[in-house]
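Participant: Using this note's numbering, the letters of the sequence shown correspond one by one to residues 87 to 262.
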Amino acid sequence: MMSINQIEYINKKFNADLTNRLMGRVFHLTPTNTFYQIQKDGIIHHNQSGKLGLNTSSNASFGRQNGWVCLFDLRDCSIKEIKEALNKYYFLRPEWFIKRTYEFSESNVTYMFLDPTFYNDIIPNSRGILGKFYIPRVECWYPGRLNIELIEEALSVRIFKDATESDRIGYMMSKM
87 MMSINQIEYI
97 NKKFNADLTN
107 RLMGRVFHLT
117 PTNTFYQIQK
127 DGIIHHNQSG
137 KLGLNTSSNA
147 SFGRQNGWVC
157 LFDLRDCSIK
167 EIKEALNKYY
177 FLRPEWFIKR
187 TYEFSESNVT
197 YMFLDPTFYN
207 DIIPNSRGIL
217 GKFYIPRVEC
227 WYPGRLNIEL
237 IEEALSVRIF
247 KDATESDRIG
257 YMMSKM
């Protein structure tokens with residue numbers, strides 16, 4: 087049975103604490119509102135068709151194109167490797183998960199941790215995949231759909247920040 091935990095970071099730094107919670111684990115991440123639908127369905131669907139929505143990098147994603155569920159594998163990663171991965175895809179607070187207003191920004195992300203019993207089922211990216219988009223060292227995949235019975239824990243994370251003056255200017259510029 088999957089345990090579900092929640093944490094909030096309100097107007098405070100979250101990078102180090104959240105990274106520590108993810109290290110040593112294999113996980114899938116999704117907006118929290120999508121997590122509720124995954125719970126109802128009992129399945130993490132792959133997004134080969136794109137019907138679940140695409141961000142800027144997922145259109146060319148190697149895993150998505152093969153009909154696999156994208157995962158992140160931080161079991162044996164150094165801090166340096168995690169930083170390099172975060173420069174390619176900021177999975178701590180993906181930009182397209184952030185709701186911005188004039189007053190604040192907020193993101194609600196759920197990390198679903200694969201039960202270690204099923205680590206042998208994942209497809210690693212241990213070899214170079216020419217001409218395809220993937221995140222070296224940390225991205226891996228689960229073939230097909232992933233039953234949530236294989237998820238041992240979910241961590242729902244809310245990150246809320248009051249807008250700075252710079253944020254407000256950026257928000258107003260985006261509305262022009």
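Ideal Cβ positions, reconstructed from N, Cα and C, are used throughout, including at glycine.
All figures in this text were calculated on a predicted structure; none of them were measured in a lab.
1) For the segment 161-169 and the segment 238-247, state whether three or more C-beta atom pairs, one from each stretch, are separated by less than 8 angstroms.
2) At the level of alpha carbons, what is the spacing between residue 174 and residue 126?
3) Between residue 210 and residue 202, what straight-line distance do the alpha-carbon atoms span, to the nearest angstrom?
4) Quick check: what's the CA-CA separation for residue 234 versus residue 108?
5) Identify which residue in 153, 113 and 246 has its Cα closest to the Cα of residue 204.
6) To the nearest angstrom, report how far apart residue 124 and residue 130 are at their CA atoms.
7) Report the CB separation of residue 226 from residue 157 in whole angstroms; it is logged as a contact under 8 angstroms.
8) In three-state terms, what does DSSP make of residue 189?
9) Is residue 113 helix, strand or coil by DSSP?
10) Give the straight-line distance between the Cα atoms of residue 221 and residue 102, rounded to the nearest whole angstrom.
11) Please classify residue 197 as buried or exposed, where buried requires at least 16 other C-beta atoms within 10 Å of its C-beta.
12) At which residues does the beta strand (DSSP E) containing residue 247 begin and terminate?
13) Note the first and the last residue of the continuous beta strand (DSSP E) segment covering residue 94.
14) From the DSSP output, in three-state form, read off residue 201 for me.
15) Taking C-alpha atoms, which residue in 89, 88, 87 and 98 lies nearest to residue 244?
16) When the Cα atoms are used, what is the spatial distance from residue 230 to residue 148?
Facilitator: Quick look at the numbers:
1) They do not touch, by the three-pair rule.
2) Across the structure, residue 174 and residue 126 are spaced so that their CA atoms are roughly 31 angstroms apart.
3) Roughly 15 angstroms separates the two Cα atoms.
4) Roughly 18 angstroms separates the two Cα atoms.
5) Ranking the options by Cα distance to residue 204, first place goes to 113.
6) Put simply, the backbone Cα of residue 124 is about 6 angstroms away from that of residue 130.
7) About 5 angstroms separates the Cβ atoms of residue 226 and residue 157, confirming a contact at the 8 angstroms cut-off.
8) Here DSSP, grouped into helix, strand and coil, assigns residue 189 to coil.
9) Strand at residue 113.
10) The straight-line gap from Cα to Cα measures roughly 20 angstroms.
11) Buried, because 16 or more other Cβ atoms sit within 10 Å of the Cβ of residue 197.
12) Note, residue 247: beta strand (DSSP E), 237-248.
13) In the DSSP assignment, residue 94 falls within the unbroken beta strand (DSSP E) covering 89-96.
14) Coil at residue 201, not helix or strand.
15) Taking only the C-alpha atoms, the option nearest residue 244 is 98.
16) When rounded, the separation of the alpha-carbon atoms in residue 230 and residue 148 is 13 angstroms.
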